[in-house]
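Data first, discussion second: the structure below is written as structure tokens.
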Amino acid sequence: MPRRARLMLPNVPIHLIQRGNNRQACFFADEDFRFYLHWLGEH
86 MPRRARLMLP NVPIHLIQRG NNRQACFFAD EDFRFYLHWL GEH
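Next up, the structure:
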């Protein structure tokens, strides 16, 4: 049986978790992390 679609409400934040393999760090430079946050804010 398929999973229910996510409920997306305007102006309601979504909890995101970003992890690498085996919970390793995904970002090694502050610049990469800032770019990710900027990109995330656009989408």
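Using the working numbering, the first residue of the sequence shown is number 86, and each one after it goes up by one. Note that CB positions come from ideal geometry on N, CA and C, so glycine has one too. None of these values were measured; they are calculated from a predicted model.
Please state whether DSSP places residue i in a helix, a strand or coil.
| i | result |
| --- | --- |
| LEU144 | Only positions 86 to 128 of the chain appear in this structure, which leaves residue 144 out of reach. |
| ASN106 | helix |
Residues in the same chain with beta-carbon distance under 7 Å from residue i, minus the five sequence neighbours each way, listed in chain order, please.
| i | result |
| --- | --- |
| ARG89 | none |
When the Cα atoms are used, what is the spatial distance from residue i to residue j?
| i | j | result |
| --- | --- | --- |
| ILE102 | ARG108 | 11 Å |
| MET93 | ALA114 | 32 Å |
| ILE99 | TYR121 | 16 Å |
| GLU116 | GLY105 | 17 Å |
| CYS111 | TRP124 | 15 Å |
Under 8 Å Cβ to Cβ from residue i, same chain only, skipping five residues before and after it: list those, please.
| i | result |
| --- | --- |
| GLU127 | none |
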